[in-house]
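Below: the structure, in structure tokens.
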Amino acid sequence: DGGITQSPKYLFRKEGQNVTLSCEQNLNHDAMYWYRQDPGQGLRLIYYSQIVNDFQKGDIAEGYSVSREKKESFPLTVTSAQKNPTAFYLCATKLGPNTGELFFGEGSRLTVL
Amino acid sequence: QKEVEQNSGPLSVPEGAIASLNCTYSDRGSQSFFWYRQYSGKSPELIMFIYSNGDKEDGRFTAQLNKASQYVSLLIRDSQPSDSATYLCAVTVSGSARQLTFGSGTQLTVLP
Chain A
7 DGGITQSPKY
17 LFRKEGQNVT
27 LSCEQNLNHD
37 AMYWYRQDPG
47 QGLRLIYYSQ
57 IVNDFQKGDI
67 AEGYSVSREK
77 KESFPLTVTS
87 AQKNPTAFYL
97 CATKLGPNTG
107 ELFFGEGSRL
117 TVL
Chain B
1039 QKEVEQNSGP
1049 LSVPEGAIAS
1059 LNCTYSDRGS
1069 QSFFWYRQYS
1079 GKSPELIMFI
1089 YSNGDKEDGR
1099 FTAQLNKASQ
1109 YVSLLIRDSQ
1119 PSDSATYLCA
1129 VTVSGSARQL
1139 TFGSGTQLTV
1149 LP
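Residue numbers (the working numbering), protein chains in the order written: chain A, 7 to 119; chain B, 1039 to 1150.
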């Protein structure tokens, strides 16, 4: 099936630990995005990538890092520098950077204990 | 001023009624407008997009765009309990590779 796979769906982390969220897509989309959603709020952009080996910061990049070594993969690392990492993280793709529709993965819910 | 504003709700309508969801945006250069539905604990799914002024209908859903007023709305006719969800308005500027800018969403409850 074509789609976007995020893993893990649920993750618990102790303070001070780095965690990496996986996002894999087989839609052959060029552009990939990471969003964060907090309760009762919209989506805020963390990082995005238009092509392999290139990515840009979004609105709330501090405390996060990404890589784009393959077209299919765009992992997000939540570092210990992120002060309030508990949130719902959504990976999304677009066919190209200038097309409109975003396709979303199922999300990863991170809880810091 | 937020770039994309929505009434957070909750908005409650009886089953079979018309639900009206509203969104305003601040960037006059915005050219593409999207409505996503998000069930609790799930990821957003696209239900409508509109690029031109006027109305666009798809089944029970109608999107309305007024660029002069910087206003986009979503009407849901014959509302069903399964329509109960949070509806996110999203806006993008043509040529911007960056992303969609999302509103905070309106929570809709359709009462049986």
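Yeah, the Cβ is synthetic: ideal placement off N, Cα and C, and Gly gets one too.
Compute the Euclidean distance between the alpha carbons of B/Q1069 and B/F1140, then round it to the nearest angstrom. 14 Å
Counting only beta-carbon atoms, is A/Q47 nearer than 8 Å to chain B? yes
Hey, out of A/G69, A/Q43, A/E107 and A/K77, whose CA is closest to A/A93's CA? A/Q43
Is any beta-carbon of chain A found at less than 8 Å from that of B/F1099? no
What residue ranges within the stretch 1083-1108 of chain B form continuous beta strand (DSSP E) runs of no fewer than 3 residues, ordered along the chain? 1083-1088, 1092-1096 and 1099-1104
Assign B/S1120 to one of three DSSP states: helix, strand, or coil. helix
Reduced DSSP category for A/E68 - H, G, I as helix; E, B as strand; rest coil: coil
Helix, strand or coil at A/V58 [DSSP, three-state]: coil
So with CB distances below 9 Å, who are the chain A contacts of B/L1059? Those do not exist, as B/L1059 stays about 14 Å from chain A at its closest Cβ, beyond 9 Å.
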